[in-house]
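Chemist:
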Amino acid sequence: MMEPPAAAARVSCRCRPLLCLLLAALCVPPALGLYTVNAVYGDTITMPCRLEVPDGLMFGKWKYEMPNESPVFIAFRSSTKKNVQYDDVPDYKDRLSLSENYTLSIKNARISDEKRFVCMLVTEDDVSEEPTIVKVFKQPSQPEILHQADFLETEKLKMLGECVVRDSYPEGNVTWYKNGRVLQPVEGVVVINLRKVENRSTGLFTMTSSLQYMPTKEDANAKFTCIVTYYGPSGQKTIQSEPVVFDVHYPTEKVTIRVLSQSSTIKEGDNVTLKCSGNGNPPPQEFLFYIPGETEGIRSSDTYVMTDVRRNATGEYKCSLIDKSMMDATTITVHYLDLQLTPSGEVTKQIGEALPVSCTISSSRNATVFWIKDNTRMKTSPSFSSLQYQDAGNYICETTLQEVEGLKKRKTLKLIVEGKPQIKMTKKTNTNKMSKTIVCHVEGFPKPAVQWTVTGSGSLINKTEETKYVNGKFSSKIIIAPEENVTLTCIAENQLERTVTSLNVSAISIPEYDEPEDRNDDNSEKVNDQAKLIVGIVVGLLLVALVAGVVYWLYVKKSKTASKHVDKDLGNIEENKKLEENNHKSET
C-alpha cells in the first residue's frame, strides 16, 4: 500500500552529470510529507518513481539510505541502451526488478526492507530525486496458552499459564480475558508479566504474557483467553486464542447424606445404599458413617450398603468427613408386615363342630385385610359356629400396605368338613303311571359310595343315576315298575361309616302316598321362610280371634247384668200398683 506525501519532497541539483551524482549522494531531503509504501512480510514491494521523466534523460537509478544516511545504490537503467544493471548488494540479490518507467519491485519483503528508498533521474545537467518510505508488517500467529496449570486452588496465587504470540512485526500487545472481560492486574490476585523477544535473523517479535491468578469457587468452569492486538497495513487488528477452562479446587463446606433406593419406601428384605457427598472439589473420597446402635463411625468410601434390612434398621443415620466435621443426618424407616393365621394349613373338622378363625396383622402402617375363598373375594371374615359341608374350601387371608410397593403377605387355610353318610329316601309315581322313581338323598364327606338292593319281584327299568356332588350332597335314583310290593335298600359308605336305609314300595297297581323329593337347599330355605310366614299369620289371626272372643264375652256378660236390673225395676212397679189397688179397695 502506498501513501501519498502531504507535499512533494524532491531534490534537484543543477550541475555536471558526474558531479551531480556525487552531490546527489550527499543530498538529504526534508523528512516531512514523504511518500510511504506499506508492504506485507513475504509479499512484493512495489515503489513507483514519482518523478516526471525529463527530456534528455540519460539514466535512472535507485538507492536506499543507511541509518547513518550514507547512500547504497542498488539499481540502474539506461534510457538510451535500455539495459538494466543491479548493484552487488547481498540483501537484494535476485530480489530486484526495475521497469521501463523506473518502478522498482522488491520480492519477498523482509523486515530489513523497512528503509528510505530514493528514485533518481539524471540528465546531462540535472539530477532529480523522489524519496519513498517502505513500512513492512507481519501478522502474528494465533495466541496459544501454554504451560497450563493442572488445576487452580482457591486462596492460592498460582501460575495459570503463558500466552505466546509468535512472529509479529511490529510487536503487538497481549491482553488476558476471563469470560470475555479484561483481567486487570490486582496485587496478589492477578499478576501479568509481558516479555518480548526479537529474532535477529528475521526481525520478527515473539511476545510471551504470563498470568498468575488466585481463583474463587465461582471461577469453576470460567473460560480464560488471551488476545493479541497488532498493526497491519490497513490498521489495528486482534487475534484471540482458544478458550481454556481450569479445574478449580476448593474445600468442602457442606456434607450431604441421602438414601439410594429404587422406590420411595423401604421394606424388610430390601437392600439400602447410603451415599455421602461433600460439595468440595475434588469431592471427599472417604467418610465416617454412623449407624443406629453403633457408638463409633464406620470408615467407608462415599457409599455404605446394607443388605436384607430388617425392621430394627429403622433409625437415624449420619455421615461426616474423616475429621468428624460437617455432619449430616437422615432417617430411614423400614416397613414391615406380619400376618398370623390361626388355624392355617390343612384342617379337618366334623360337620356341626365350631371352628374359631383369626387373622392377626402387625405392621408399620395401617394395613388392608381381605379374605378369599376358592378364588372369590369374601365380603366378611369367616366364622364357623356350626360347620357345614359348604364351608369347606381354600381360604386365603391377604394383607397389603398400600403406601409400600410390593409389601404383601398371605396365608392359607384348607378346610375339610367331614361327616358320616346321612340317607333319606323318597318315592313318587311317574306321570305315565307305569313306573316309580326311587331317590336316595345322601350327605357326607368324603363322598360316600352308594349301592342299591331290591327285595321282591320286579324289574330294574334303568341303571342308577347320580346328581352332581355339591357341598357334601348328592342323590342316586332308580326307576322301577314293581309287580308286587318290594323293599328297596340304599347303602351309603365312606371312610367314616356305613349307613343303610330301606323303603317299602307298593306294586304299581296299588295306589300309595308318594313322598316328595327333597328340594335343594335354596328351595328348602324358601319353604322354611314361607312356613314361618304362614305360622306367623296363623298365630296373629288366632290372637285377633282370642281378643275378639274376650271382648264379646265381656259384652254379653254386661248385657245380662243390665237385663236383670231392668226386670227387677219392672217388678217393683207392678207390686206398687197392686198395693195401691188393695189400699183403695179397703178404703171403699
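Per our numbering, the sequence shown runs over residues 25 to 612. Even for Gly, the Cβ is constructed at its ideal location relative to N, Cα and C. Computed from a predicted model, the values in this text were never measured in an experiment.
1. Relative to the C-alpha of Ile-157, which candidate in Gln-163, Glu-138 and Asn-92 has its C-alpha closest?
2. Using 8 Å as the Cβ pair cut-off and three pairs as the minimum, do the stretch 289-298 and the stretch 321-336 touch?
3. Between Asp-191 and Leu-145, is the Cβ-Cβ spacing less than 7 Å?
4. Please go through the same chain and pick out, in chain order, the residues whose beta-carbon is closer than 6 Å to the beta-carbon of Lys-435, but skip the five residues on each side of it.
5. In three-state terms, what does DSSP make of Leu-75?
6. Could you give the first and the last residue of the continuous beta strand (DSSP E) run that contains Gly-302?
7. What did DSSP end up calling Pro-114 once you bin it into helix, strand or coil?
8. Identify whether Ala-55 lies in helix, strand or coil by the three-state DSSP scheme.
9. Do the stretch 335-343 and the stretch 263-283 touch if we need at least three Cβ pairs shorter than 8 Å?
10. Hey, quick one: how far does the beta strand (DSSP E) through Thr-372 stretch, first residue to last?
11. For Trp-86, does the count of other Cβ atoms within 10 angstroms reach 16, so buried, or fall short, so exposed?
12. Which term fits Gly-648, buried or exposed, when burial requires 16 or more other beta carbons within 10 angstroms of its beta carbon?
13. Need the endpoints of the beta strand (DSSP E) that Pro-445 sits in, please.
14. Does the distance from the C-beta atom of Phe-97 to that of Gln-109 stay below 7 Å?
15. Judging by CA-CA distance, which residue of Ser-530, Cys-464 and Ile-503 is the nearest neighbour of Cys-514?
16. Are any of the Cβ atoms in chain C nearer than 7 Å to that of Ala-378?
17. Can you tell me the Cα-Cα spacing of Ala-572 and Leu-565, whole angstroms?
18. Quick one: grab the DSSP three-state call for Ala-555.
19. In angstroms with no decimal places, state the Cα-to-Cα distance between Val-563 and Val-575.
20. For Asn-62, which residues does DSSP report across the bridge?
21. Is DSSP giving Gln-426 helix, strand or coil here?
22. To the nearest angstrom, report how far apart Tyr-360 and Cys-383 are at their CA atoms.
23. Any idea if Asn-544 is buried or exposed, counting beta-carbon neighbours within 10 angstroms, 16 or more meaning buried?
24. Please look up how many angstroms separate the CB atoms of Val-215 and Leu-207, rounded, as I've assumed it's under 8 Å.
25. Which residues in the same chain have their Cβ closer than 7 Å to the Cβ of Asn-495, if we skip the five residues on either side of it in sequence?
26. In chain order, what residues of the same chain lie with their CB nearer than 8 Å to the CB of Met-82, ignoring the 5 residues before and after it?
27. Spell out a yes or no on whether the stretch 461-476 and the stretch 430-449 are touching, meaning 3 or more CB-CB pairs, one atom from each, closer than 8 Å.
28. Just how far apart, CA to CA, sit Ala-55 and Asn-217?
29. When the Cα atoms are used, what is the spatial distance from Pro-114 to Thr-178?
30. Can the beta-carbon of Pro-470 be found less than 7 Å from the beta-carbon of Ala-516?
31. Buried or exposed: which applies to Phe-643, given that a residue is buried once 16 or more other Cβ atoms fall within 10 Å of its Cβ?
32. Between Arg-401 and Thr-479, what straight-line distance do the alpha-carbon atoms span, to the nearest angstrom?
33. With a cut-off of 8 Å on the beta carbons, I'd call Thr-68 and Lys-131 a contact; round off their distance for me.
34. Among residues of its own chain, excluding the 5 on either side of Val-272, which ones have a beta-carbon nearer than 6 Å to its beta-carbon?
35. Based on the DSSP secondary-structure assignment, which residues constitute the bridge partners of Trp-395?
36. Could you check the C-alpha separation between Tyr-59 and Pro-155 for me, to the nearest Å?
Modeler: The structure says:
1. Glu-138
2. yes
3. no
4. Leu-363, Leu-365, Ser-368 and Cys-421
5. coil
6. 296-302
7. helix
8. Here the model assigns Ala-55 a pLDDT of 43, short of 50, so the residue's position is not dependable and the matter cannot be decided.
9. yes
10. 369-374
11. buried
12. Nothing about residue 648 can be reported from this structure: the residues present for the chain run from 25 to 612 only.
13. 432-453
14. no
15. Cys-464
16. Reference to chain C is not applicable here, since this structure consists of a single protein chain.
17. 10 Å
18. With a pLDDT of 47 at Ala-555, under the threshold of 50, the modelled position of this residue cannot be trusted, and the question is left open.
19. 18 Å
20. Lys-159
21. coil
22. 16 Å
23. Reliability of the predicted coordinates at Asn-544 is poor, the pLDDT of 45 falling under 50, and the value obtained from them is presented with this limitation in mind. Exposed, since its Cβ has fewer than 16 Cβ neighbours within 10 Å.
24. In fact, because the Cβ distance is near 10 Å, the residues do not count as touching under 8 Å.
25. Tyr-413 and Gln-414
26. Pro-41, Ser-102, Ser-103, Thr-104, Val-146, Thr-147 and Glu-148
27. yes
28. Residue confidence for Ala-55 is low, a pLDDT of 43 falling below 50, so the modelled location carries little weight and cannot support an answer.
29. 58 Å
30. no
31. Since the first residue of the chain shown is 25 and the last is 612, residue 643 is not available in this structure.
32. 51 Å
33. 5 Å
34. Leu-176, Pro-239, Asp-243 and Ala-244
35. Cys-421
36. 7 Å
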